[in-house]
Amino acid sequence: MLKKLLQGAALMAAVTTSMLHAAPHELIIDTDPGADDLVALFLAMASPGELNIRAITTVAGNVRLEKTARNARLAREWAGREDIPVYAGAGRPLVRVPIYAAEVHGEEGITGVQVHEPKQGLAAGNAVQYLVDTLSAAKPHSITIAMLGPQTNLALALIQQPGIAQGIKEVVVMGGAHFNGGNITPVAEFNLYADPHAAEVVLASGVKLTYLPLDVTHKLLTSDTRLKQLSAVNNRASKQVVDILNAYIQHDMQLYGMPGGPVHDASVIAYLLKPEMFSGRQVHMSVDSREGPTFGQTVADWYGVLKQPANVMWVEEGDAQGLFDLLSERLARLP
Ligand SMILES: [Ca+2]
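Those letters in the sequence shown? Residues -22 to -1, 1 to 313, per mature numbering (1 follows the signal peptide of the UniProt record, and there is no 0), in order.
In structure tokens form, the structure reads like this:
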């Protein structure tokens, strides 16, 4: 009897899991391409079974808005996914002076490949208004947002209409740093440093938040073997990814003395596709937006010493080889 019950429970669990996998994420990708954003966009656009990408929204970040909006359209053109609309959003952060990261991502925002003006233009309207309209019309907790840049667009949408939080299932953020230390200051990660006030607005909205900070992305590194694995896919998309990464990883490898480079934003998409490859902890997190040496720092209470309620899932471990296996498998589907 007990054995039968256990078998029944196992079957139910398997059915539930397969049902969960059967329903794709209704996804908006908010992004500032960005070399690693390009890799993330390819991974997402190659995964229509799991990710129904409603739109790509762009923001100023790694480079200026005109270039991030163009690069998102380039990614879409290269991936053969011109069915996905691209909306341009905020051209500057909420409060702070704009900063960019051309020294890491190149003047055009993508390293290692030639850029051109894509054939298809932007969707009409602003990304912030698109977020307001889409999230307010959405079923409760139905839309996932992959947050691959500064959080300005979503913050502006939440300020304009706080009720839109109801449409959000989860916001999965590439950003922040705790154990690792920062990459733009000793303690701040770029996306949070570029607009900490926006991150505070999103945090205060009470939406379900998952952070993939440098703590995990600096563990998911390229290697010669992994770049060869990507090369072996041998199509245009894989060649572009290898060219982008070969140029992009140099900065971090030299700066940190690491054996390979991180592919930060791709880990957000990998998390959505295969959450079982990652682990972390529900923690209380705050963002420091005071001027001074800790500007943009995320303070993650890993050990719960503050006795505050958890407000984010802080991802700390990931399967590096799993990420590159997934990327290779999915890139093979692209042109
Ligand atoms: Ca990014």
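Each residue gets a CB set at the ideal place from its N, CA and C atoms; glycine is no exception.
DSSP state of Glu4 mapped onto helix, strand, coil: Here residue 4 refers to the residue found at position 26 of the sequence shown. Three-state DSSP puts Glu4 in a strand.
6 Å Cβ shell around Ala(-9) - same chain, five flanking residues per side excluded: Stepping through the sequence shown from its first residue, residue -9 is reached at position 14. At Ala(-9), the pLDDT of 47 sits below 50, so the modelled position is not reliable; the number obtained from the coordinates is stated separately. Around Ala(-9): no qualifying Cβ.
Local conformation of Phe168 per DSSP, three classes: Taking the first residue of the sequence shown as 1, we reach residue 168 at position 190. In this structure, Phe168 counts as helix in the three-state DSSP scheme.
Host beta strand (DSSP E) of Glu294 (start-end): To locate residue 294, count along the sequence shown from 1; it is residue 316. Unbroken beta strand (DSSP E) run through Glu294: 290 to 296.
Phe157 versus Pro164: straight-line alpha-carbon distance, rounded: Here residue 157 is taken as the residue at index 179 of the sequence shown, counted from 1. Here residue 164 is taken as the residue at index 186 of the sequence shown, counted from 1. Just so you know, the alpha carbons of Phe157 and Pro164 end up roughly 12 Å apart.
Sequence-distant residues of its chain with Cβ nearer than 6 Å to Gly274 (five each side left out): Counting from 1 along the sequence shown, the entry for residue 274 is found at position 296. Only Ala166, Leu170, Tyr171, Pro174 meet the Cβ criterion.
Check whether Ser306 and Gln207 have beta carbons under 8 Å apart: Position 328 of the sequence shown, counting from 1, holds the residue named residue 306. Position 229 of the sequence shown, counting from 1, holds the residue named residue 207. Against a cut-off of 8 Å, the Cβ pair of Gln207 and Ser306 comes out as a contact.
Euclidean distance between Cα positions of Lys45 and Leu19: For the purposes of this step, residue 45 is identified with residue 67 of the sequence shown, where counting begins at 1. For the purposes of this step, residue 19 is identified with residue 41 of the sequence shown, where counting begins at 1. Answer to the nearest angstrom: the Cα atoms are 15 Å apart.
Burial state of Asp94 (16 or more Cβ within 10 Å): For the purposes of this step, residue 94 is taken as residue 116 along the sequence shown, with counting starting at 1. Reading the sequence as shown, one finds His at residue 94 and not Asp. Counting other Cβ atoms within 10 Å of its Cβ, His94 stays below 16 and is therefore classed as exposed.
Gly235 to Gln139 span [Cα, whole Å]: In the sequence shown, counting from the first residue as 1, residue 235 sits at position 257. In the sequence shown, counting from the first residue as 1, residue 139 sits at position 161. The straight-line gap separating the alpha-carbon atoms of Gly235 and Gln139 is approximately 45 Å.
Cβ neighbour criterion (16 or more within 10 Å) applied to Ser216: Here residue 216 refers to the residue found at position 238 of the sequence shown. Ser216 is buried by the Cβ-count criterion.
Environment of ligand 1 in chain order, Cβ to heavy atom below 5 Å: Per the Cβ criterion, the list is Asp10, Gly12, Asp15, Leu126, Gly127, Asp243.
Backbone secondary structure at Pro253 - three-state DSSP: The residue labelled residue 253 in the question sits at position 275 within the sequence shown. It is helical.
Residues bridged to Asn259 (per DSSP): As a working note, residue 259 is residue 281 in the sequence shown. First, the amino acid is wrong: residue 259 is Arg here, not Asn. Residue pairing from DSSP places Arg259 in a beta bridge opposite Trp292.
Val220 beta carbon less than 8 Å from that of Leu205: On the sequence shown, position 227 is the one that residue 205 refers to. On the sequence shown, position 242 is the one that residue 220 refers to. Their beta carbons are under 8 Å apart, which means Leu205 touches Val220 by this criterion.
Residue environment, Arg51, which counts as buried when at least 16 other CB atoms sit within 10 Å: Locating residue 51 in the sequence shown gives position 73, counting from the first residue. Counting Cβ neighbours within 10 Å, Arg51 comes out buried, since at least 16 surround it.
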